[in-house]
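Following my numbering, the residues of the sequence shown are numbered contiguously, the last one being 580.
As structure tokens, the structure follows; a few thoughts come after it.
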Amino acid sequence: MKKLIAILKNKPYLHDIIANSDTKEGKIFDIAVMIAIVVSLLVAFIESQPAVEGHFKLTLTILEYVLTFFFTIEYAFRIYSSPTPKKEALSLFCIIDLLAILPLYLSFIPVLSSTRYFFILRVFRLIRIFRVLRLFSFINEGYLLLQSIKMSLRKIAVYFLFVLILVTILGTIMFMIEGGQEGTQFTDIGTSIYWAIVTLTTVGYGDITPATMVGRFLSGLIMILGYTIIAVPTGIVSATMIDETKKKGTGGRCPRCRQKTDLKANYCKHCGERL
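Listed below in structure tokens is the structure:
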């Protein structure tokens, strides 16, 4: 008990355990939190089944309360031990933690009882596993993917604008062809555009189908067109990823973080990027 009180009084040490995994205690704490997250998700999935009732359901509910109490304490300690509590409280993971914790307490209010399942948001915290296991290679690949998407956003935005214009034109044409038919499913331009989107993306729900020969012919053309343009965003991002991979550091700087590195080094000492 005295050791626990001493840890609580030592804010930097407590923060090091909660926020970092470099120490043995920090790694154990992170693993414990991840196990608790996985268990809480399993409880949510099992509890949502209609067949679960009686004492088993009561056991799951108690377990859910215990886990939520654990996450509440962890959330409070995280903010309490932080050198900048306000900044910590507004961080992404703390907001996710709060959104995952509050619903259970709010569920005691009858009107808000359905909000308790918002603690599924805890699944986002499983990203901790990258920090615990120090999977630098995966983190670098993740950075490369995010950087490629970021650099491709403008091209992808132009592409989606083109697709939006295309489905609007195709939907309008289909409405002109099918709209005048008796018992038509193309009742308005909005419905026709919805059909064009479903057809162009090759989803094909089948809830709206053309009745005329011309309409079916146009449908076939749109389906084939969908196969030719559906992979364009993937190609844009892939090309950017190849360009990013080929980037080399210049002037003794890392191509990723732009920090100065040793010219003979194979990896950046700042971010771990391969040079």
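The beta carbon of each residue, even a glycine, is placed where N, CA and C say it ideally should be.
Legend entry - ASP335, buried or exposed, once every other Cβ within 10 Å from all chains shown has been counted against 16: buried
Legend entry - Same chain, Cβ closer than 7 Å to TYR532, five either side skipped, listed in chain order: THR507
Inset, instruction - Take the Cβ of VAL463 as the centre, count every other Cβ of all protein chains shown within 10 Å, and call the residue buried at 16 or more, exposed below. - result: exposed
Legend entry - GLN486 vs THR517 beta-carbon contact at 8 Å: yes
Legend entry - Where the alpha helix (DSSP H) containing SER497 begins and where it ends: 494 to 505
Legend entry - the region 464 to 479 / the region 531 to 547 touching (three or more Cβ pairs under 8 Å): yes
Legend entry - Distance, GLY511 Cα to ARG439 Cα: With a pLDDT of 49 at ARG439, under the threshold of 50, the predicted position of this residue should be treated as unreliable, though the coordinate-derived value follows. Taking the straight line from one Cα to the other gives about 47 Å.
Legend entry - Neighbourhood of VAL537 by C-beta, 6 Å cutoff - its chain only, sequence neighbours within 5 removed: TYR464
Inset, instruction - Give every residue of the same chain whose Cβ lies closer than 7 Å to the Cβ of VAL472, excluding the five residues on either side of it in the sequence, and list them in chain order. - result: ILE498, ALA501, ILE502 and LEU505
Inset, instruction - Could you check what DSSP says for THR389 in three-state terms: helix, strand or coil? - result: coil
Legend entry - Extent of the continuous alpha helix (DSSP H) run through THR533: 518 to 534
Inset, instruction - Compare the beta carbon distance of ILE406 and THR373 with 8 Å and say whether it is the shorter of the two. - result: yes
Inset, instruction - Check whether the region 315 to 327 touches the region 386 to 396, counting contact only when three or more Cβ pairs, one atom from each stretch, lie closer than 8 Å. - result: yes
Inset, instruction - Measure the alpha-carbon distance for SER442 versus HIS360 and round it to whole angstroms. - result: With a pLDDT of only 49 at SER442, under the threshold of 50, the placement of this residue in the model should not be trusted, and no figure is reported.
Inset, instruction - Check each candidate in GLU330, MET546 and PHE382 and name the one with the smallest Cα separation from SER453. - result: MET546
Legend entry - Short Cβ contact (8 Å threshold) for SER345 with GLU369: yes
Legend entry - Among ASP548, LYS308, PHE350 and ILE340, the one whose alpha carbon lies nearest that of MET456: ASP548
Inset, instruction - Would you decide whether ARG383 is buried or exposed? Buried here means 16 or more other CB atoms lie within 10 Å of its CB. - result: buried
Inset, instruction - Count the other C-beta atoms from every protein chain shown that fall within 10 angstroms of the C-beta of ALA337, then say buried if there are 16 or more, exposed otherwise. - result: exposed
Legend entry - Neighbourhood of THR477 by C-beta, 8 Å cutoff - its chain only, sequence neighbours within 5 removed: ILE494, SER497 and ILE498
Inset, instruction - Mark ILE482 as exposed unless 16 or more other C-beta atoms lie within 10 angstroms of its C-beta, in which case mark it buried. - result: buried
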